[in-house]
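Trainee: Sequences listed follow chains L and R, in order. Under full-length UniProt numbering, the letters of the first sequence match residues 1 to 456, in that order. Under full-length UniProt numbering, the letters of the second sequence match residues 1 to 456, in that order. The beta-carbon is built from N, C-alpha and C at its ideal position, and this holds for glycine as well.
2 protein chains.
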Amino acid sequence: MRLDPVLARIDSDLPEALERLMALLRIPSISTDPAFKPDCARAADWLVADLQSLGFDAAARPTPGHPMVVAHGGEGGPHLLFYGHYDVQPVDPLNLWDRDPFDPELQDTPKGKVIRARGASDDKGQLMTFLEALRAWKSVHGSLPCRLTIFLEGEEESGSPSLIPFLQENKAELQADLAMICDTGLFQDTAPAIVTMLRGLLGEEITIHAANKDLHSGMFGGLAQNPLRVLSRILANMHDESGRITIPGFYDGVTELPEAIRAQWQALAFDHAKFLGDVGLALPAGEIDRTPLEMIWSRPTAEINGLWGGYTGDGFKTVLPAQAHAKVSFRLVGDQAPQAIRAAFRDWVRAQLPGDCTAEFADHGASPAGMMQITHPAFEAARAAMADEWGRAAAYVGCGGSIPIAGYFKTHLGMDAMLLGFGRDDDQIHSPNEKYDLECFHKGIRSWARLLDRLA
Amino acid sequence: MRLDPVLARIDSDLPEALERLMALLRIPSISTDPAFKPDCARAADWLVADLQSLGFDAAARPTPGHPMVVAHGGEGGPHLLFYGHYDVQPVDPLNLWDRDPFDPELQDTPKGKVIRARGASDDKGQLMTFLEALRAWKSVHGSLPCRLTIFLEGEEESGSPSLIPFLQENKAELQADLAMICDTGLFQDTAPAIVTMLRGLLGEEITIHAANKDLHSGMFGGLAQNPLRVLSRILANMHDESGRITIPGFYDGVTELPEAIRAQWQALAFDHAKFLGDVGLALPAGEIDRTPLEMIWSRPTAEINGLWGGYTGDGFKTVLPAQAHAKVSFRLVGDQAPQAIRAAFRDWVRAQLPGDCTAEFADHGASPAGMMQITHPAFEAARAAMADEWGRAAAYVGCGGSIPIAGYFKTHLGMDAMLLGFGRDDDQIHSPNEKYDLECFHKGIRSWARLLDRLA
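1) Does the distance from the C-beta atom of ARG244 of chain R to that of LEU332 of chain R stay below 8 Å?
2) Flag ARG299 of chain L as yes if its beta-carbon sits less than 8 Å from any beta-carbon of chain A, otherwise no.
3) For the ligand ZN, is there a heavy atom less than 7 Å away from the beta-carbon of GLN188 of chain L?
4) Okay, do the segment 336-347 of chain L and the segment 338-358 of chain R touch, 3+ Cβ pairs below 8 Å being the bar?
5) Does any residue of chain L have a CB that is nearer than 8 Å to the CB of VAL349 of chain R?
6) Leaving aside the five residues before and after CYS357 of chain R along the sequence, list all residues of the same chain whose C-beta is less than 8 Å from its C-beta, in chain order.
7) Would you give the residue range spanned by the alpha helix (DSSP H) that GLY76 of chain L belongs to?
8) Tell me SER367 of chain R's beta-bridge partners as DSSP assigns them.
9) Bridge partners for ALA69 of chain R per DSSP, in chain order?
10) So, under 8 Å CB-CB, GLY334 of chain L and VAL254 of chain L are touching, yes? Tell me the CB distance rounded to an integer number of Å.
11) Let me check one thing: in DSSP terms, what residues is CYS399 of chain L bridge-paired to?
12) Going along chain R in order, which residues have a C-beta closer than 9 Å to the C-beta of ASP356 of chain L?
13) Determine which residues share a DSSP beta bridge with TYR436 of chain R and list them.
14) Under three-state DSSP, which class holds MET97 of chain R?
15) Would a check of beta-carbon distances place VAL319 of chain R closer than 8 Å to chain L?
16) By the three-class DSSP mapping on this structure, what secondary structure does residue 458 of chain R have?
17) Alpha carbon to alpha carbon, what distance is there between THR246 of chain R and ASP240 of chain R?
18) I'd like to know whether the C-beta atoms of ALA417 of chain R and ALA179 of chain R end up nearer to each other than 8 Å.
19) List in chain order: all unbroken alpha helix (DSSP H) runs of 4+ residues lying wholly within the UniProt domain "Peptidase M20 dimerisation" (198-356) of chain R.
20) Do you know how far the Cα of LYS327 of chain L is from the Cα of GLU205 of chain L?
21) Please state whether DSSP places TYR83 of chain R in a helix, a strand or coil.
22) Where do the N-terminal and C-terminal ends of the beta strand (DSSP E) with ALA23 of chain L fall, by residue?
23) Could you check how far apart the C-beta atoms of ALA136 of chain R and ARG9 of chain R are, in whole angstroms? I think they sit under 8 Å.
24) Taking the alpha carbon of ILE429 of chain R as the reference point, which residue from R:ARG118, R:LYS111, R:ALA60 has its own alpha carbon closest?
25) Would you kindly check if the distance between the Cβ of LEU202 of chain R and the Cβ of PHE330 of chain R is under 8 Å?
26) For PHE166 of chain R, decide whether its Cβ has a neighbour in chain L, counting only Cβ atoms nearer than 8 Å.
27) Is the segment 97-110 of chain R touching the segment 145-165 of chain R, taking contact as three or more C-beta pairs under 8 Å?
28) Check whether the Cβ atoms of CYS182 of chain R and GLY77 of chain R sit closer than 8 Å, and answer yes or no.
29) Counting along the chain, where does the beta strand (DSSP E) carrying GLU105 of chain R start and finish?
30) Closer than 8 Å by C-beta to LYS171 of chain R: which residues in its own chain qualify, once you throw out the five before and the five after it? Chain order, please.
31) Let's see if you can read the secondary structure: which residues bound the beta strand (DSSP E) around residue 461 of chain L?
32) What does ARG199 of chain R touch in chain L if you count any residue whose Cβ is under 8 Å from its own?
33) When the cut-off is 8 Å and only beta carbons count, does PRO28 of chain L lie next to chain R?
34) Is there a Cβ of chain R sitting closer than 8 Å to that of MET295 of chain L, yes or no?
35) Which residues in the same chain have their Cβ closer than 8 Å to the Cβ of GLY112 of chain L, if we skip the five residues on either side of it in sequence?
36) For ARG383 of chain R versus ILE261 of chain R, is the C-beta spacing smaller than 8 Å?
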């Protein structure tokens, strides 16, 4: 009974909520370009003022880069931290935009009304869904629903250089029962989804050395080792015929999908033909006994991301190069230990080197997989709230890529996180003509109200 | 009896012969640089004048590039054509030269007297060995030893753009019983050698296509085809464990070494440990059942000369590229048919493509192997003449690289060729401080006199 008036208030206040979002979208807070530093500060100040209007104790906190917005407010359990980011990607190539990226407009399209502007989806529109839910709650009930910390970053699109030091220096202040991160999307545009599995990432660079200089293939070809051949052979051995990775110990710590999650994924009816078809492909190419969703969400990978050596210009040069190079990355899941896999990979490469060849390695970083603690009661509450709002079962899903913030909260604050968002695949984030569907904005606000009602 | 006075004359005339060579070396006939075009013409004119002084009907014949020097003289069989080139390589980096590359000097070194200048060995010193042998013969006997055509090119170091049209337009005039090409060297500095086997060359470029754009390996890794993996696997399959090439039909036309040639090669006692050691290697890496000399002279190869795709800059990018590329070359021997191998290679690549992948190929040229007709009596005469002069058995050897002129004479004039020269491995041709050993110049002249005596 306390929810219905909030939802009604959200519906009636939608035009004003849209105006507020557009005001924020008009600020060109491009974090990577120093020319926009004052605009980033202006966006932070705008959010501080808005949070203060909701009764928060809010401030823009300086960093060596752009400010962090931190706000505290409300009373009673649970204590929730909300994360979003107010900075946006650059807008070039500007000529591919249909209008000024920082002059937002509500547009009618065949698929419905959209808010067109840089940052509409990533992440200003998304973070405002939470603030608008709080506004409606406050105006109906006179107070915030529970104890809340709001944490809004201004460097997410430029590598978050100040984030980890800020978390470490403000560890006690930022502590909460659970972090809620709003920077993800719906599953295939329609199904509400909570990301609970994030793959980790391990980056390696190999250089194979043979002769002490480039050789002429007429003079030496057939007699001397060719590092390009050696490297090709090693990389080709990385997978067996079934698509499994052959590095000894690689699968240590890989866990099988729980039956409940498997059932949820099956219910999603992932349209892999469309997913692949959109990029000109047709066939799942991973392990032969795994489903397409497993391939991208819950199975580890080994991929060559870069490969080079010898003569790569126009025409031809009959060179046997002295070196060959590859960049290789591994997506990790479950409890796979990145440093153990790095060591196993290097041993495995060295064991395959023929005489006259040596291998050199460079470390391009490592992060373990992230598994959200779905036993936390907030997760089932979120599934139920999302299902109520979107009229479809909500699923715990995986994410093939990395969203570092969830891991940082766990590592530096010891705090679990929940990833919940309302973006759509066609939002064109990071690209020209970014948009956020008005429906996503509206139902996003309502989703948070429903979740706060269940949690508070 | 007619030879001895010629050899004596060569010995007594050596200082004057050296002066003549130095006059030619002072002309900076760098064919690839248009700034030196007048110098190339001057070198041609110098040679025309020198040939006229020997009684030749000689002329510098214009081409769209630098002139060809063509001279006819002498009477009686056999009719021999002599080929050399008067143009030289550029001299940069000039700061690595100990003196002006076009101010030749006779220098004492721990290894004996050397003529130091650009072109001393490649090829002015070498071509003058033949002219000086003729000069001594003429001065002793009053006439040239047999019917001779002299053909000196001025574009050898810049890709010979005018050569094939000139051969075609002057086919009848350039016809002779045998061509003698003086642009090669002694075997490992000491053993006289006649190159009778030249490997052919086939160049291919492959592009493997998968998705219609670069993909993010977080979003697609494990599900989508990675062309770098596909290409690595295909290239790795190109050789089996014994080092043999696996492309079907590849060995069609490969002939086994005749026993007589095998015995000559064994007698050369090739120091492969030194040959490989000079470039930082130790182990012959080719077919396990072949000797090092076979690997570089008489066996075909398949080598990757260039390989690229994905992100190759600093740092890391988790990309699954849309394409992967390789440049692959094959050294050919015996009667291997280049176009048949090209077709077999392409079929073999296509047969290994997984679903969602296509291959595109580019043709980077093809030339068959060259096998000299050693049944021609001039070959045994040359072996004997060389052995007489150098005090060591002369061998028919192979050459792993390509010397296109021999093939052009065969293809365009139907004329067999013999490759005979006196360069040493440490002559630093194409590099700073090029030199030609005075011993090579002197004994080279004497070698030609001996051979002309046996042939005329």
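Mentor: So, from the listed chains and residues:
1) Remark: C-beta atoms of ARG244 of chain R and LEU332 of chain R do not approach each other more closely than 8 Å.
2) Protein chains L and R are contained in the structure displayed, whereas chain A is not.
3) Absent from the structure shown: the ligand ZN. Ligands present: none.
4) Touching, no, given that fewer than three Cβ pairs across the two stretches are closer than 8 Å.
5) No, its Cβ sits nowhere closer than 8 Å to a Cβ of chain L.
6) The residues ILE208, HIS209, ALA210, GLN225, PRO227, VAL230, in chain order, have a CB closer than 8 Å to that of CYS357 of chain R in the same chain once the five nearest residues on each side in sequence are set aside.
7) Where GLY76 of chain L is concerned, there is no enclosing alpha helix (DSSP H), because DSSP gives it neither an H nor an E.
8) R:LEU201, per the DSSP bridge assignment.
9) Looking at the sequence shown, residue 69 of chain R is not Ala but Val. According to DSSP, which records beta bridges pairwise, VAL69 of chain R is partnered with R:ALA60, R:LEU152.
10) Correct: roughly 5 Å between the Cβ atoms.
11) Under the DSSP definition of a beta bridge, CYS399 of chain L partners with L:LEU198.
12) What ASP356 of chain L touches in chain R: LEU276, GLY280, LEU281, ALA282, LEU283, ALA285.
13) Its beta-bridge partners are R:ILE115.
14) Note that residue 97 of chain R is Trp in the sequence shown, not Met. The DSSP-derived three-state label of TRP97 of chain R is coil.
15) Yes, its Cβ sits closer than 8 Å to a Cβ of chain L.
16) Nothing in the structure corresponds to residue 458 of chain R, since chain R is present only between 1 and 456.
17) A direct Cα-Cα distance of roughly 6 Å separates ASP240 of chain R from THR246 of chain R.
18) The answer is yes: Cβ separation under 8 Å.
19) Fully enclosed alpha helix (DSSP H) runs of 4 or longer: 217-220, 227-236, 259-268, 272-277, 292-297, 338-351.
20) Each residue's alpha carbon lies about 4 Å from the other.
21) Note: TYR83 of chain R maps to strand in three-state DSSP.
22) Counting along the chain, ALA23 of chain L sits inside no beta strand (DSSP E); it lies in the alpha helix (DSSP H) bounded by residues 14-25.
23) Rounded to the nearest angstrom, the Cβ distance from ALA136 of chain R to ARG9 of chain R is 4 Å, consistent with a contact under 8 Å.
24) The residue with the shortest Cα to Cα distance from ILE429 of chain R is R:ARG118.
25) Contact flag set, yes.
26) Cβ-Cβ to chain L under 8 Å: no for PHE166 of chain R.
27) By the criterion of at least three beta-carbon pairs nearer than 8 Å, the segment 97-110 of chain R is not in contact with the segment 145-165 of chain R.
28) No.
29) Taken as a continuous stretch (DSSP letters only), the beta strand (DSSP E) holding GLU105 of chain R covers 105-109.
30) Once the five neighbours on either side are set aside, the close Cβ partners of LYS171 of chain R are HIS412, LEU413.
31) Absent from the model: residue 461 of chain L. The displayed extent of chain L is 1 to 456, so no value can be given.
32) The contacting residues are GLY218.
33) Using a CB distance cut-off of 8 Å, PRO28 of chain L does not count as an interface residue toward chain R.
34) So, interface residue.
35) If we look at GLY112 of chain L and ignore the five residues flanking it on each side, its Cβ neighbours are ASP437, LEU438, GLU439.
36) No, the Cβ-Cβ distance between ARG383 of chain R and ILE261 of chain R is not below 8 Å.
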